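These notes concern the structure reproduced below.
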Amino acid sequence: MSKAGLDNRHRNKDGEISGKHGNTLIRTLRKIYGQSFAAGYPETEKLSEVLLHLNETSLSQLRRDHETGHLEHKITNASK
Numbered sequence: 001m002s003k004a005g006l007d008n009r010h011r012n013k014d015g016e017i018s019g020k021h022g023n024t025l026i027r028t029l030r031k032i033y034g035q036s037f038a039a040g041y042p043e044t045e046k047l048s049e050v051l052l053h054l055n056e057t058s059l060s061q062l063r064r065d066h067e068t069g070h071l072e073h074k075i076t077n078a079s080k
């Protein structure tokens, strides 16, 4: 298991999410998690550009779905 960084985020998990889903637009993720996801960032930003700056709520939702294997399916459905 990885050690948490200074802000208690496990960097290998965030890097894994960014590597696999980094090109996903915030617009698509807001369709999944609601309009408050990545608050303060434009919907045209990519996940890779804002991932390390997400608030705990947005990051927790994203990490939970990634760890359970549901994130890719949700992104695919929201992109249609």
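Counting from 1, one number per residue, gives the positions in the sequence shown under the UniProt record's numbering. Think of the CB as a built atom: it goes at the ideal place given N, C-alpha and C, for glycine as much as any other residue. These numbers come from a predicted model, not from an experiment.
Query, Result
"Identity of the residue in Gly19, Glu45, Ile17 nearest Arg30 by Cα", "Glu45"
"Those residues which DSSP pairs with Leu25 across a bridge", "Lys46"
"Beta-carbon gap between residue 128 and Ile32 smaller than 7 Å", "An answer regarding residue 128 cannot be provided, because it is not within the stretch 1 to 80 covered by the chain."
"Extent of the continuous alpha helix (DSSP H) to which Leu59 belongs", "56-68"
"DSSP three-state assignment for Tyr33, whether helix, strand or coil", "helix"
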